[in-house]
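**Q**
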Amino acid sequence: MIKSAIDNAVTLEQGRNLYSSLATRRLFLLIVIGGLAIVCFIADLSIGQAHYSSYEVLSALWDSDAALPIQVILWEIRLPVALTALVVGASLAVAGVEMQTVLGNPLASPFTLGLSAAASFGAALGLILGVSILPASAVAFAIPANAFLVSMIAALFIHRLSQKRGITTEMIVLLGTTLVFTFTALLEALQYIAPDQALSAVVFWTMGSLSRASWLKLAIMSIVLLAVTLMFARQAWALTALRLGEARATSLGVSVGRLRLRGILLGSLLASVCVAFVGTIGFVGLVAPHIARMLVGEDQRFLLPTSALCGAFMLSAASVLSKTLVAGQTLPIGIVTSLVGVPLFFTLILRTRHQ
Amino acid sequence: MRSSLLVFEAVLLASKQGSGWSVDNDELDAVTRMLQLLKIDALAGRALAQLSGGQRQLVSIAQALIREPSVLLLDEPTSALDLQNQFDVLDLIRRLAREQSTCVVMAIHDINHALRFADQIVVLHKGAVQAWGPASEVVTPALLAQVYGVEARVEPCSRGYTQVIVDSSLRAGSNAAW
Numbered sequence: 001m002i003k004s005a006i007d008n009a010v011t012l013e014q015g016r017n018l019y020s021s022l023a024t025r026r027l028f029l030l031i032v033i034g035g036l037a038i039v040c041f042i043a044d045l046s047i048g049q050a051h052y053s054s055y056e057v058l059s060a061l062w063d064s065d066a067a068l069p070i071q072v073i074l075w076e077i078r079l080p081v082a083l084t085a086l087v088v089g090a091s092l093a094v095a096g097v098e099m100q101t102v103l104g105n106p107l108a109s110p111f112t113l114g115l116s117a118a119a120s121f122g123a124a125l126g127l128i129l130g131v132s133i134l135p136a137s138a139v140a141f142a143i144p145a146n147a148f149l150v151s152m153i154a155a156l157f158i159h160r161l162s163q164k165r166g167i168t169t170e171m172i173v174l175l176g177t178t179l180v181f182t183f184t185a186l187l188e189a190l191q192y193i194a195p196d197q198a199l200s201a202v203v204f205w206t207m208g209s210l211s212r213a214s215w216l217k218l219a220i221m222s223i224v225l226l227a228v229t230l231m232f233a234r235q236a237w238a239l240t241a242l243r244l245g246e247a248r249a250t251s252l253g254v255s256v257g258r259l260r261l262r263g264i265l266l267g268s269l270l271a272s273v274c275v276a277f278v279g280t281i282g283f284v285g286l287v288a289p290h291i292a293r294m295l296v297g298e299d300q301r302f303l304l305p306t307s308a309l310c311g312a313f314m315l316s317a318a319s320v321l322s323k324t325l326v327a328g329q330t331l332p333i334g335i336v337t338s339l340v341g342v343p344l345f346f347t348l349i350l351r352t353r354h355q
Numbered sequence: 001m002r003s004s005l006l007v008f009e010a011v012l013l014a015s016k017q018g019s020g021w022s023v024d025n026d027e028l029d030a031v032t033r034m035l036q037l038l039k040i041d042a043l044a045g046r047a048l049a050q051l052s053g054g055q056r057q058l059v060s061i062a063q064a065l066i067r068e069p070s071v072l073l074l075d076e077p078t079s080a081l082d083l084q085n086q087f088d089v090l091d092l093i094r095r096l097a098r099e100q101s102t103c104v105v106m107a108i109h110d111i112n113h114a115l116r117f118a119d120q121i122v123v124l125h126k127g128a129v130q131a132w133g134p135a136s137e138v139v140t141p142a143l144l145a146q147v148y149g150v151e152a153r154v155e156p157c158s159r160g161y162t163q164v165i166v167d168s169s170l171r172a173g174s175n176a177a178w
């Protein structure tokens with residue numbers, strides 16, 4: 001390209017080697033995380049309340065002659081739950097990593113931007129006041145529809161505000177935090193007037209649980225995850241360039257404003273769909289991207305899939321823990337992710353202090 | 001949130017904007033050559049966050065040049081650089097402008113750099129164009145007094161380059177009593 005450059009075969013080779021060793025290392029880590037996710041997924045399938053051995057249950061995967069109860073346990077109970085753990089974990093992590101990227105803020109996540117709180121409030125509206133926009137025939141989807149709508153209203157509110165001139169990314173994160181408090185207060189107001197029965201339903205809903213999984217919900221979440229991830233993947237280089245800072249990214253031809261708005265909207269959509277179906281699951285959307293970033297760096301071509309797999313692995317592991325921590329009981333998974341997430345997050349904060 | 005991007009990645013990233021996921025050897029070689037050209041190839045494996053201000057400025061210039069722009073806009077490209085790098089970068093940019101017919105527009109305060117490297121100079125004063133034309137014709141003692149408020153000489157040095165030498169400030173209140 002440039003005539004005055006000195007072509008030096010040795011250093012060109014070094015440049016290629018530098019890049020290929022980076023890429024190989026990252027690919028290796030990506031595969032390791034993927035492998036861990038698969039191990040957790042298989043453990044998740046083989047552990048449960050039923051009195052059948054792990055092998056008996058797993059064998060129903062390929063053996064269509066397995067006893068009917070085993071078939072039901074695997075195909076109707078465990079498989080939807082285990083797959084939901086993977087898809088929800090991946091979705092929350094993808095939403096989190098792109099929110100952190102477009103807002104340039106390590107604290108951005110579906111949880112901290114108020115989407116989870118908004119979804120909880122939407123669910124409580126249905127559970128306590130019986131508000132629903134769906135006809136009675138679609139009762140199974142009435143609560144998720146409420147949660148999704150209120151969560152998307154919150155997301156559109158953030159989206160609209162961030163279009164205003166002079167709004168910085170810090171302000172957007174602060175606005176999200178005020179939304180958390182607003183919707184939490186509204187939820188508490190509803191709980192205050194709620195009858196006991198509805199109250200326990202709300203409390204259980206907000207804790208987050210995979211037990212409401214079904215094949216149809218799983219299909220909806222998978223399609224949204226796939227579509228949103230592909231849209232982010234197409235912008236991989238531009239999203240990576242955002243990490244150079246807004247001014248630098250702009251000078252490289254990235255339309256930062258548009259990318260940011262798209263990121264907020266797509267991330268919110270992805271998170272809202274998940275939260276609507278499984279309730280509040282904290283920390284995965286916040287912590288999984290940070291772990292992925294530490295492992296593979298900022299290049300979105302590796303960061304995006306690694307985050308997704310990290311999230312899938314974390315939630316699948318949490319699902320296994322929720323079944324094994326207390327013998328004979330399945331804890332709500334939201335509690336497990338927060339309990340495991342807090343010490344992890346502490347370590348992360350202390351680690352960055354040393355750098 | 002600190003970025004852990006490496007210098008090599010950052011320059012590659014600039015050249016890959018708007019293109020596909022895969023990276024071929026030609027693109028990698030172009031990055032290496034650009035780093036060699038700016039003499040920062042030894043920094044290829046370092047994280048951007050670890051660099052000094054001047055080193056980061058050189059990476060920024062590499063990111064701009066690797067996109068082979070037909071028009072290059074530079075705002076104080078030498079502000080964080082030491083004397084040697086100031087000369088190297090301006091000399092390089094001038095060579096590139098010649099060899100690749102790149103139009104370079106550069107905002108710069110150092111008037112001696114402007115005299116030495118620019119073909120055309122535009123002097124802005126109070127939001128308007130004060131003077132413009134070939135470097136040697138535009139910069140005169142009268143202009144320096146009016147725009148910069150200094151009493152200065154414009155003289156050729158022993159090798160024939162035009163130099164501005166400032167003798168005193170024309171600001172009211174500042175005088176030889178110092």
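Note that the protein sequences, when read in sequence, are chains Z and Y. Note that the UniProt record's numbering gives residue 156 to position 156 of the first sequence, counting from 1, and the numbers run on in steps of one. Note that the UniProt record's numbering gives residue 90 to position 90 of the second sequence, counting from 1, and the numbers run on in steps of one. Beta carbons: idealized from backbone N, C-alpha and C, even for Gly.
1) Given that Y/Phe87 touches chain Z, what residues does it touch there, using C-beta distances under 7 angstroms?
2) Can you check the UniProt domain "ABC transporter" (1-151) of chain Y for any beta strand (DSSP E) of at least 3 residues that lies completely inside it and give the ranges in chain order?
3) Taking C-alpha atoms, which residue in Y/Ala142, Y/Asp41, Y/Leu37, Y/Ser4 lies nearest to Z/Gly15?
4) When the Cβ atoms of the region 297-312 of chain Z are set against those of the region 16-32 of chain Z, are three or more pairs found closer than 8 angstroms?
5) Under 7 angstroms between C-beta atoms, does Y/Ser79 make it to chain Z?
6) Of the choices Z/Ala60, Z/Leu18, Z/Leu22, Z/Thr11, whose alpha-carbon is the least far from that of Y/Lys39?
7) Determine which residues share a DSSP beta bridge with Y/Arg153 and list them.
8) So, at 8 angstroms on beta carbons, what are the nonlocal neighbours of Y/His113 in its own chain, with the 5 sequence-adjacent residues on each side left out?
9) Taking just the CA atoms, how far does Z/Thr178 sit from Z/Arg234?
10) Count the CB pairs spanning the region 13-20 of chain Y and the region 248-261 of chain Z that are closer than 8 angstroms, and state whether there are at least three.
11) Taking only runs that begin and end inside the region 74-120 of chain Z, name each unbroken alpha helix (DSSP H) of 4 or more residues, in chain order.
12) Which whole runs of the alpha helix (DSSP H) in the region 254-289 of chain Z are 4 residues long or more, in chain order?
13) Assuming Z/Phe345 and Z/Val287 make a contact with CB atoms under 8 angstroms, what is their CB distance in whole Å?
14) Could you tell me the boundaries of the alpha helix (DSSP H) in which Z/Lys217 lies?
15) Are Z/Gly263 and Z/Val39 closer than 7 angstroms when you measure CB to CB?
16) State the Cα-Cα distance for the pair Z/Leu242 and Y/Leu170, rounded to the nearest angstrom.
17) Determine, for Y/Thr32, whether the minimum Cβ-Cβ distance to residues of chain Z falls below 7 angstroms.
18) Please classify Z/Tyr52: does DSSP put it in a helix, a strand, or coil?
19) Could you tell me whether the region 201-217 of chain Z touches the region 59-70 of chain Z, using the rule of 3 or more Cβ pairs below 8 angstroms?
20) DSSP state of Z/Gly334, grouped into three classes?
21) What separation, rounded to the nearest whole angstrom, lies between the Cα atoms of Z/Val180 and Z/Ala155?
22) Taking a cut of 7 angstroms between CB atoms, which residues from the region 229-247 of chain Z lie near chain Y?
23) Contact check, Z/Val320 vs Z/Ala43 under 8 angstroms by CB: the rounded distance?
24) Going straight from the alpha carbon of Y/Thr162 to that of Y/Ser136, what length do you get?
25) Measure the alpha-carbon distance for Y/Val31 versus Y/Gly45 and round it to whole angstroms.
26) Thinking C-alpha only, which one of Z/Gly104, Z/Val97, Z/Gln100, Z/Leu83 is nearest Z/Ala247?
27) What are the boundary residues of the alpha helix (DSSP H) that Z/Ile70 is part of?
28) For Y/Leu170, which three-state DSSP category applies?
29) To the nearest angstrom, report how far apart Y/Thr102 and Z/Val87 are at their CA atoms.
30) Let me know the secondary structure DSSP gives Z/Lys3 once reduced to three states.
31) Taking the C-alpha atoms as reference points, what is the distance between Z/Val342 and Z/Ser109?
32) So, for Z/Ala276: in the same chain, excluding its five sequence neighbours on each side, which residues have a beta-carbon less than 7 angstroms away from its beta-carbon?
33) Just verifying my parser: in three-state terms, what is the DSSP assignment at Z/Ile133?
34) In this structure, does DSSP put Z/Asp196 in helix, strand or coil?
35) Do Y/Gly54 and Y/Leu81 have their C-beta atoms within less than 7 angstroms of each other?
36) Rounded to the nearest angstrom, how far is the Cβ of Y/Ala14 from that of Y/Ile66, given a contact under 8 angstroms?
**A** So, to answer that:
1) Simply none; closest approach about 15 angstroms.
2) Runs of the beta strand (DSSP E) inside the UniProt domain "ABC transporter" (1-151) of chain Y: 71-75, 103-107, 120-125, 128-134.
3) Considering only alpha carbons, the answer is Y/Asp41.
4) Enough Cβ pairs lie closer than 8 angstroms, so yes.
5) Put simply, the CB of Y/Ser79 is far from chain Z, with every gap to its CB atoms at 7 angstroms or more.
6) Measuring from the Cα of Y/Lys39, the nearest candidate turns out to be Z/Thr11.
7) Checking the DSSP bridge columns, you'll see Y/Arg153 partnered with Y/Ile165.
8) Setting aside the 5 residues that flank it on each side, Y/His113 is surrounded in the same chain by Thr78, Gln86, Leu90, each with a C-beta closer than 8 angstroms to its C-beta; the list follows chain order.
9) Looking at the two C-alpha atoms, the distance is approximately 32 angstroms.
10) Yes, they touch.
11) Whole alpha helix (DSSP H) segments, 4+ residues: 79-103.
12) Listed in chain order, they are 256-278.
13) The pair is a contact, with the Cβ atoms about 6 angstroms apart (cut-off 8 angstroms).
14) Residues 215-234.
15) The answer is no: Cβ separation not under 7 angstroms.
16) The C-alpha of Z/Leu242 lies about 46 angstroms from the C-alpha of Y/Leu170.
17) Yes, Y/Thr32 lies at the interface with chain Z (some Cβ there is under 7 angstroms from its Cβ).
18) In the structure shown, Z/Tyr52 sits in coil (DSSP, three-state: anything other than H, G, I, E or B).
19) By the criterion of at least three beta-carbon pairs nearer than 8 angstroms, the region 201-217 of chain Z is not in contact with the region 59-70 of chain Z.
20) Helix, per DSSP.
21) Here the alpha carbons of Z/Ala155 and Z/Val180 stand approximately 12 angstroms from one another.
22) Within the region 229-247 of chain Z, the residues whose Cβ lies closer than 7 angstroms to some Cβ of chain Y are Ala236, Trp237, Ala238, Thr240, Ala241, Arg243, Leu244, listed in chain order.
23) Confirmed, about 5 angstroms.
24) Spanning the two alpha carbons is a distance of roughly 7 angstroms.
25) Across the structure, Y/Val31 and Y/Gly45 are spaced so that their CA atoms are roughly 12 angstroms apart.
26) Measuring from the Cα of Z/Ala247, the nearest candidate turns out to be Z/Gly104.
27) Taken as a continuous stretch (DSSP letters only), the alpha helix (DSSP H) holding Z/Ile70 covers 68-72.
28) The answer is coil: DSSP assigns Y/Leu170 none of H, G, I, E or B.
29) Cα to Cα, Y/Thr102 sits roughly 50 angstroms from Z/Val87.
30) Legend: pLDDT at Z/Lys3 = 44, less than 50; position of this residue unreliable, value from coordinates given subsequently. DSSP places Z/Lys3 in coil when its eight states are reduced to three.
31) Computed Cα separation, rounded: 15 angstroms.
32) Excluding residues up to 5 positions away in sequence, Ala119, Pro144, Ala147, Phe148, Ser151 lie with their Cβ nearer than 7 angstroms to the Cβ of Z/Ala276 in the same chain.
33) Three-state result, Z/Ile133: coil.
34) In the structure shown, the three-state DSSP call for Z/Asp196 is helix.
35) The answer is yes: Cβ separation under 7 angstroms.
36) With a Cβ gap of about 6 angstroms, Y/Ala14 and Y/Ile66 count as contacting.
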